[in-house]
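The block underneath contains the structure these notes are about, expressed in structure tokens.
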Ligand code: PMP
């Protein structure tokens, strides 16, 4: 037990966290620095050591840390005495957000969703989406996929695959039937056809579902990418069985895969979309459920909550939309950055080799997957020692997960790739032949 500090003495180091904070804390165990300030893709700890951030709050900081135009809008709003908390009362800030979201996000994509502001976590948006689907269809079970991650409140956790997270519930998790995600049974097994057969066969034991819930890119589950044909097949299966298609775009949305919504390139139109994380512009908490208007079945206050749509988050989100989504500038920037990143990752030691890593993902959500499940964690630790923050994902933490800010510069990508190459070489000795030909 560390000694309690004097109230008038500012403390340093990590003793306060270990003395006072619950054992549930997790990211800070792999990256134990005490961070003080940040800008763009850079983090600085209290000793002024610099880190490059490829964790970005697990997909929150798509525009980097403290994007100046968003900070300016929030600062101005506070200085002008703008209302900060208002439950779901009408506010000027909320109206500006709704109008901007309609004008720059929904309308250009031909989408006419109604918007529900849930509690500010992704999990709460998922809870709301599941309630809507069950209410609309009058059915209780939902199809979710292997390695899906949807949050840790009980409804969302029932749809989450990860066994460690599920165990923590301490109660039976109900209402979900699990099906294999695209590629789960190998590249030659069509898991959409398997799902179609299970739902068509009255002997399969699978009840008609209220919804099919999926991530287009499973992020926590290991950067598993659903193909466009698979997504179209699943959308068709949902339609054929009168089930709602719910896309969880909480981590992969807001530009992460290259387009605002991750499902755009597949040409599907989900009945419900959940957004969170990066929608708050600069890390301010906010979550949305977008639903086809005919599914807006709520009676007033049925999915209530004190913090549903925070006005500072509205201001930040509006500034983000107006700064980055008025035109296709950010999408083009992500395409260029992603191409550069991919080129650099392909050149890293061990790529594609038998003991090396396979590259996964799309846009600015990338995974490096090793067959030896210990390596990703060791590379993450070695990268951190060199000033690069990059986490792991996958059911065995066997995949290194790269989430650069969408606004990262080419030279920062080069720096990150160099550090990653050194970290990989620390852990997986590079064969001499590879060095000679490099
Ligand atoms: N869905 C997805 C795809 C996520 O990545 C996450 C968070 N990692 C959630 C849901 C849950 O969001 P939150 O942690 O804010 O509850």
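Numbering (the numbering used here), first residue to last: 6 to 443.
Ideal Cβ positions, reconstructed from N, Cα and C, are used throughout, including at glycine.
No experiment lies behind these values; they were computed from the predicted model shown.
- With distances taken between CA atoms, residue 201 lies nearest to 246 out of 64, 179 and 246.
- The shortest C-alpha to C-alpha distance from residue 434 to any of 425, 355, 321 and 174 is the one to 355.
- The closest CA to that of residue 301, considering only 38, 136 and 73, is found on 136.
- Relative to ligand 1, even the nearest heavy atom lies 8 Å or more away from the CB of residue 259.
- DSSP places residue 313 in no alpha helix (DSSP H); its state is neither H nor E.
- As a beta-bridge residue in DSSP terms, residue 229 pairs with 223.
- A residue is called buried once 16 or more other Cβ atoms fall within 10 Å of its Cβ, and residue 296 is buried on that count.
- Bridge pairing for residue 289: absent [DSSP].
- Between residue 265 and residue 291, the gap from beta carbon to beta carbon reaches 9 Å or more.
- Counting along the chain, no alpha helix (DSSP H) covers residue 411, and no H or E run does either.
- Contiguous beta strand (DSSP E) elements confined to the segment 198-273 occur at 216-219 and 249-253, taking only those with 3 or more residues.
- Straight-line measurement puts the Cα of residue 59 at about 12 Å from the Cα of residue 420.
- Taking the CA atoms as reference points, residue 221 sits about 11 Å from residue 150.
- Per DSSP, residue 396 lies in no alpha helix (DSSP H) segment; the continuous beta strand (DSSP E) that holds it begins and ends at 396-398.
- By the Cβ rule, the segment 218-237 counts as touching the segment 153-166, because three or more pairs are nearer than 8 Å.
- For the segment 162-188, the continuous alpha helix (DSSP H) assignments of 4+ residues that do not extend past its boundaries occur at 168-172, in sequence order.
- Residue 273 is a Cβ neighbour of residue 237, given a cutoff of 9 Å.
- For the pair residue 198 and residue 187, the CB atoms are not nearer than the 9 Å cut-off.
- DSSP places residue 374 outside any alpha helix (DSSP H); the residue lies instead in the beta strand (DSSP E), whose first and last residues are 370-375.
- Non-local C-beta neighbours of residue 102 in its own chain, meaning closer than 7 Å and more than five positions away in sequence, comprise 319, 322 and 323, ordered along the chain.
- Taking residue 394 as reference, the option from 27, 380, 36 and 43 with the minimal CA-CA separation is 36.
- With a threshold of 16 other beta carbon atoms within 10 Å, residue 280 meets it and is buried.
- By the CB criterion at 9 Å, residue 215 and residue 64 fall outside the cutoff.
- Beta-bridge partners assigned by DSSP to residue 280: 293.
- Using a cutoff of 8 Å, the CB of residue 308 does not count as near ligand 1, since none of the ligand's heavy atoms is closer than that.
- Uninterrupted beta strand (DSSP E) stretches at least 3 residues long and entirely within the segment 22-70 occur at 40-44, 47-50 and 55-58, given in chain order.
- The beta carbon of residue 253 sits closer than 6 Å to those of 155, 220 and 279, all from its chain and outside the five residues before and after it, given in chain order.
- Using a cutoff of 8 Å, the CB of residue 90 does not count as near ligand 1, since none of the ligand's heavy atoms is closer than that.
- Taking residue 166 as the centre and dropping the five residues before and after it, the same chain places the C-beta of 149, 150, 151, 152, 153, 154, 183, 226 and 400 closer than 8 Å to its C-beta, in chain order.
- Remark: the shortest separation between the CB of residue 225 and any heavy atom of ligand 1 falls under 8 Å.
- With respect to residue 147, residue 255 sits apart: the two C-beta atoms are not nearer than 9 Å.
- Residue 81: member of the alpha helix (DSSP H) spanning 73-84, first to last residue.
- Per DSSP, reduced to three states, the secondary structure at residue 147 is strand.
- Pairing residue 369 with residue 305 gives a Cβ-Cβ distance that is not under 9 Å.
- Closest in alpha carbon position to residue 398, among 416, 378, 388 and 392, is 378.
- Short of 8 Å from the beta carbon of residue 310, and not among the five residues preceding or following it, lie these beta carbons of its own chain, in chain order: 123, 124 and 129.
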